[in-house]
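Let me begin by presenting the structure, written as structure tokens, before commenting on it.
There are 2 protein chains.
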Amino acid sequence: MQQLIDEIFLSVFDDTPLQSQLKEDQAQLPLAEFTAHGDRLAFTTDSFVVTPLIFPCGDIGKLAVCGTVNDLAVGGAKPLYLSAGFIIEEGIEFKLLESIVSSMAKTAQQAGVRIVTGDTKVVERGMADQLFINTSGVGVIPSRIQVKVSAAQPGDKILVNGFIGDHGAAVMLARENLGLYSDLRSDCAPLSLLIHPLLAQCPQIRCMRDATRGGLGVVLNEIAKASQVTIELFEPELPIRPQTQAICEILGLEPLFLANEGMAAFVVPAQQVEQALQLMQSHPLGQQAKVVGQVTETSQGMVYLSTAYGGKRMLETPYGVQLPRIC
Amino acid sequence: MQQLIDEIFLSVFDDTPLQSQLKEDQAQLPLAEFTAHGDRLAFTTDSFVVTPLIFPCGDIGKLAVCGTVNDLAVGGAKPLYLSAGFIIEEGIEFKLLESIVSSMAKTAQQAGVRIVTGDTKVVERGMADQLFINTSGVGVIPSRIQVKVSAAQPGDKILVNGFIGDHGAAVMLARENLGLYSDLRSDCAPLSLLIHPLLAQCPQIRCMRDATRGGLGVVLNEIAKASQVTIELFEPELPIRPQTQAICEILGLEPLFLANEGMAAFVVPAQQVEQALQLMQSHPLGQQAKVVGQVTETSQGMVYLSTAYGGKRMLETPYGVQLPRIC
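As you go down the protein sequences, you meet chains F and C in turn. Quick note, our numbering runs 11 ahead of the 1-based positions in the first sequence. Quick note, our numbering runs 11 ahead of the 1-based positions in the second sequence.
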């Protein structure tokens with residue numbers, strides 16, 4: 012196992028501070044970023060159990076970096092450092108592991124974060140499903156940023172930065188032997204690249220939430236409940252690819268509950284919507300950005316869809332998860 | 012699953028800041044501890060796959076808290092915040108999960124750390140072995156503390172704070188159906204409670220390392236190699252319980268390579284040894300503290316045992332791990 016660690020993990024995470032710290036059981040990091048008065052430390056964790064390990068336009072490694080980077084970014088934090096914990100089933104192909112770890116390193120570099128500490132555990136064959144990865148992340152939230160899931164107010168607009176359901180639909184097609192084929196790809200991406208310039212221009216954004224497991228539907232329900240408001244979604248405005256829509260119709264799924272890994276909901280005060288939209292659309296990760304809804308009133312917290320024909324439909328949090336092991 | 016999270020995890024981690032932040036995907040923490048000039052942030056991660064989940068005097072939950080707290084503490088950090096990521100096999104008994112989570116909360120309280128962020132993933136039956144836990148930890152290292160695995164120097168003494176091999180022997184007996192019985196118990200404990208007062212009195216300690224997977228033998232080899240010194244262990248001085256010794260003799264194992272979860276090696280300059288030893292022995296986690304060896308000379312890094320009969324025996328890092336899934 013030491014050989015495995017040396018060969019695969021050290022060669023790929025070619026980060027000088029990491030290399031020199033691997034003899035220690037922890038990373039020791041400078042605190043220069045944290046010294047302004049009122050700055051807060053952001054700390055988050057996520058385990059990834061997606062199957063298959065490799066899917067169109069991503070793999071568990073890329074996902075593990077993006078997922079944690081995005082959790083930090085939507086809280087208004089600048090992601091700084093990641094940890095990576097691997098639970099490996101005995102007998103996994105070295106080449107596969109190598110390509111996943113290399114994908115993590117590449118994604119971390121793109122996102123501007125450093126993987127500074129790690130751990131590997133090997134379990135016997137049959138005791139885990141090939142590979143699980145945990146990433147935890149540390150970032151800093153400048154004192155002027157105060158995004159909160161409970162901050163949505165009547166009059167605010169709901170924006171999304173991209174298509175709905177791409178990740179969920181792409182992983183499902185890669186996994187299940189459905190006889191369906193499409194060019195759908197996961198939207199997996201480090202949203203900090205979009206959110207960082209956005210918050211610099213629009214610091215009054217009320218809240219952001221990446222629409223992962225549970226999809227946009229669950230995220231908006233969480234915001235509505237935490238903020239005690241009603242959210243109205245304009246159904247004809249929702250950016251859903253025809254392929255995703257078709258797959259959902261065939262399988263009886265709701266695209267609003269499909270997982271996304273590079274798409275977030277943004278609650279923006281009305282007076283900043285134009286600016287936010289323009290900025291998002293001019294960024295590679297926000298080209299499909301749209302206003303898809305609004306906060307209408309204070310309430311116990313509910314989400315409904317306004318349909319093209321003038322009807323209304325409640326969008327409630329479903330009892331279970333539509334698709335297991337999607338992230 | 013939401014119900015599972017609500018019922019088990021929220022009820023037990025009854026920590027007000029955690030409760031109010033559970034709606035967010037990350038914890039937002041004050042930075043008051045980090046403001047002194049030269050302080051460093053410590054960040055570490057560990058996944059726990061021990062089997063059985065419950066063993067004499069501990070369980071995977073207690074282990075997951077102690078393991079990460081100890082990794083921070085031996086680097087000289089004050090442990091502050093932990094994350095907890097759970098990978099749960101479908102069908103695990105709720106009562107078992109509850110008792111493990113409750114044990115985590117209790118241990119965190121004892122250790123004075125707060126579990127501030129978490130994540131749960133459920134995988135299908137057969138895709139994981141009941142429960143895996145990842146904990147990551149954040150702490151702060153005061154500028155005056157400079158412990159490093161590469162800092163051992165000829166003349167330094169090697170101290171341990173307790174018996175050797177208790178955790179490994181206890182878990183092995185609990186797991187394997189060997190027909191052997193003993194009163195051996197895991198030494199699993201948060202070492203920060205011992206190390207914090209120790210560093211306050213003896214800030215010149217060169218390095219510390221908790222002797223987990225691989226045991227004291229591997230840890231001392233790591234220190235010897237990183238510091239480019241030779242370490243001599245006095246075999247008759249090693250505190251090994253007769254039960255552990257007997258089990259090792261029956262099974263052909265080496266106690267120096269058994270895992271420990273509440274025992275660390277301390278490399279201490281000769282002039283501070285008396286003070287360090289006295290302080291450790293007066294603490295519940297260091298009652299068995301002893302000088303067990305010394306750093307003899309600069310070299311390529313080697314460890315040898317001086318036996319009771321005046322002989323010498325090299326102690327090399329073994330090729331594999333003696334016992335899998337011990338932590």
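All residues carry an ideal CB built from backbone N, CA and C; glycine is no exception. Source: prediction; values computed, not measured.
Alpha-carbon spacing of residue i relative to residue j, whole angstroms
i	j	result
glutamine 212(C)	leucine 290(C)	8 angstroms
isoleucine 156(C)	glutamine 282(C)	18 angstroms
proline 153(C)	lysine 132(C)	36 angstroms
lysine 236(F)	leucine 227(F)	14 angstroms
arginine 10(C)	glutamate 101(C)	Coverage of chain C is limited to positions 12 through 338, which leaves residue 10(C) absent and any answer about it impossible.
asparagine 145(F)	alanine 75(F)	7 angstroms
isoleucine 103(F)	glutamate 109(F)	10 angstroms
alanine 163(F)	leucine 231(C)	56 angstroms
valine 284(C)	glycine 123(F)	45 angstroms
phenylalanine 277(F)	arginine 252(F)	20 angstroms
phenylalanine 105(C)	serine 113(C)	12 angstroms
cysteine 218(F)	threonine 307(F)	16 angstroms
glutamate 246(F)	arginine 220(F)	20 angstroms
proline 63(F)	proline 208(C)	49 angstroms
valine 158(F)	threonine 118(F)	25 angstroms
glycine 78(C)	methionine 274(C)	11 angstroms
glutamine 298(C)	threonine 223(F)	50 angstroms
leucine 334(F)	proline 214(F)	35 angstroms
leucine 93(C)	glycine 148(C)	4 angstroms
leucine 269(F)	aspartate 82(C)	38 angstroms
cysteine 338(C)	glutamate 272(C)	9 angstroms
isoleucine 176(F)	glutamine 239(F)	Here the sequence assigns glycine to residue 176(F), which means isoleucine is not the residue at that position. Roughly 26 angstroms separates the two Cα atoms.
valine 182(F)	leucine 244(F)	26 angstroms
glutamine 121(F)	glutamine 292(F)	20 angstroms
glycine 72(F)	methionine 115(F)	5 angstroms
valine 332(F)	isoleucine 19(F)	34 angstroms
leucine 189(C)	alanine 139(C)	25 angstroms
leucine 150(C)	isoleucine 206(F)	Sequence inspection shows glycine at residue 150(C); the leucine mentioned does not correspond to that position. C-alpha separation (whole angstroms): 27 angstroms.
glycine 49(C)	glutamine 141(F)	42 angstroms
tyrosine 330(C)	leucine 202(F)	43 angstroms
glutamine 30(F)	glutamate 327(F)	Its pLDDT being 49, under 50, glutamine 30(F) is placed unreliably in this model, and the value from its coordinates should be taken loosely. One C-alpha to the other measures close to 48 angstroms.
Proximal chain C residues relative to residue i, where beta-carbon distance stays under 7 angstroms
i	result
methionine 115(F)	Here the premise fails: no neighbours, minimum Cβ distance about 14 angstroms.
valine 60(F)	Ile98, Lys132, Val134
alanine 119(F)	In chain order: nothing, as chain C lies at least about 14 angstroms away.
alanine 235(F)	Per Cβ cutoff of 7 angstroms: no residues; alanine 235(F) is ~12 angstroms from chain C at best.
Contact test: residue i Cβ vs the ligand HEM heavy atom, cutoff 8 angstroms
i	result
proline 67(C)	Ligands are entirely absent from the displayed structure, and the ligand HEM is therefore not among its contents.
Residues that residue i contacts on chain F, provided the C-beta gap is smaller than 7 angstroms
i	result
aspartate 129(C)	Reading off the sequence shown, one finds glycine at residue 129(C), where the question assumed aspartate. Correct list: Thr56.
serine 147(C)	Thr56, Ser94, Ser147
alanine 222(C)	Chain F residues near alanine 222(C): none, gap ~11 angstroms exceeds 7 angstroms.
alanine 300(C)	Result: empty, since nearest Cβ-Cβ is about 21 angstroms, beyond 7 angstroms.
Per-residue contacts from residue i into chain F (C-beta, under 9 angstroms)
i	result
arginine 336(C)	Lys132, Val133, Val134, Glu135, Met138
phenylalanine 105(C)	Going along chain F, no residue has its Cβ under 9 angstroms from phenylalanine 105(C), so there is no contact; the nearest lies around 17 angstroms.
alanine 5(C)	No statement about residue 5(C) is possible, as the shown extent of chain C runs from 12 to 338 and does not include it.
Interface residues of chain C facing residue i [CB-CB closer than 9 angstroms]
i	result
alanine 257(F)	Correct list: empty, because the minimum Cβ distance to chain C is about 27 angstroms.
alanine 122(F)	By Cβ distance, chain C contributes nothing, its closest Cβ being about 15 angstroms from alanine 122(F), past 9 angstroms.
phenylalanine 20(F)	Correct list: empty, because the minimum Cβ distance to chain C is about 13 angstroms.
phenylalanine 66(F)	Neighbours of phenylalanine 66(F) on chain C: none; closest Cβ ~17 angstroms, over 9 angstroms.
alanine 319(F)	By Cβ distance, chain C contributes nothing, its closest Cβ being about 31 angstroms from alanine 319(F), past 9 angstroms.
Closer than 8 angstroms at the beta carbon, the chain C residues around residue i
i	result
valine 303(F)	Near valine 303(F) there are no residues of chain C at all, since even the closest Cβ is about 21 angstroms away, more than 8 angstroms.
Checklist entry - Relative to chain F, which residues along the stretch 241-255 of chain C have a C-beta separation below 9 angstroms, given in chain order? => result Result list empty, no residue passes.
Item to check | Complete alpha helix (DSSP H) runs within the stretch 142-199 of chain C (minimum length 4 residues, chain order) | outcome: If we require 4 residues or more, the alpha helix (DSSP H) runs fully inside the stretch 142-199 of chain C come out as 177-186.
Next on the checklist: So if I threshold CB-CB distances at 8 angstroms, which residues from the stretch 156-189 of chain F count as touching chain C?
Outcome noted: Residues of the stretch 156-189 of chain F with a Cβ closer than 8 angstroms to any Cβ of chain C, in chain order: Lys159, Val160, Ser161.
Checklist entry - Would you call the stretch 252-261 of chain C and the stretch 322-332 of chain C in contact, with 3 or more CB pairs under 8 angstroms? => result Between the stretch 252-261 of chain C and the stretch 322-332 of chain C, the count of Cβ pairs shorter than 8 angstroms is below three; the stretches do not touch.
Item to check | Proximal residues, the stretch 197-220 of chain F versus chain C, C-beta separation under 7 angstroms | outcome: Within the stretch 197-220 of chain F, no residue qualifies.
Checklist entry - the stretch 68-83 of chain F: which residues have C-beta closer than 8 angstroms to a C-beta of chain C, in chain order? => result For the stretch 68-83 of chain F, which is checked against every Cβ of chain C, the residues closer than 8 angstroms are Asp82, Leu83.
Checklist entry - Below 8 angstroms, can you find three or more Cβ-Cβ pairs linking the stretch 62-73 of chain C to the stretch 187-199 of chain C? => result These segments touch.
Item to check | Contacting positions in the stretch 82-101 of chain F - beta carbon closer than 8 angstroms to chain C | outcome: So the list reads Asp82, Leu83, Val85, Gly86, Ala88, Tyr92, Ser94, Ala95, Gly96, Phe97, Ile98, given in the order they occur along the chain.
Checklist entry - In the stretch 264-281 of chain C, which residues sit with their C-beta less than 9 angstroms from some C-beta in chain F, listed in chain order? => result For chain F, none of the residues of the stretch 264-281 of chain C brings a beta carbon within less than 9 angstroms of one of its beta carbons.
Next on the checklist: Within 8 angstroms, do at least three Cβ pairs link the stretch 156-167 of chain C to the stretch 84-92 of chain F?
Outcome noted: Look at the beta carbons and you see the stretch 84-92 of chain F not touching the stretch 156-167 of chain C: under three pairs across the two are nearer than 8 angstroms.
Checklist entry - How about the stretch 55-64 of chain C and the stretch 112-132 of chain F: do they share at least three Cβ pairs that are nearer than 8 angstroms? => result Touching, yes.
Checklist entry - Curious, which full-length alpha helix (DSSP H) runs of at least 4 residues does the stretch 249-324 of chain F contain? => result DSSP runs (the alpha helix (DSSP H)) wholly in the stretch 249-324 of chain F: 253-262, 284-292.
Checklist entry - What are the start and end residues of each continuous beta strand (DSSP E) run of 3 or more residues lying completely inside the stretch 113-147 of chain F, in chain order? => result Counting only runs of 3+ residues, the beta strand (DSSP E) found wholly inside the stretch 113-147 of chain F occupies 125-134, in chain order.
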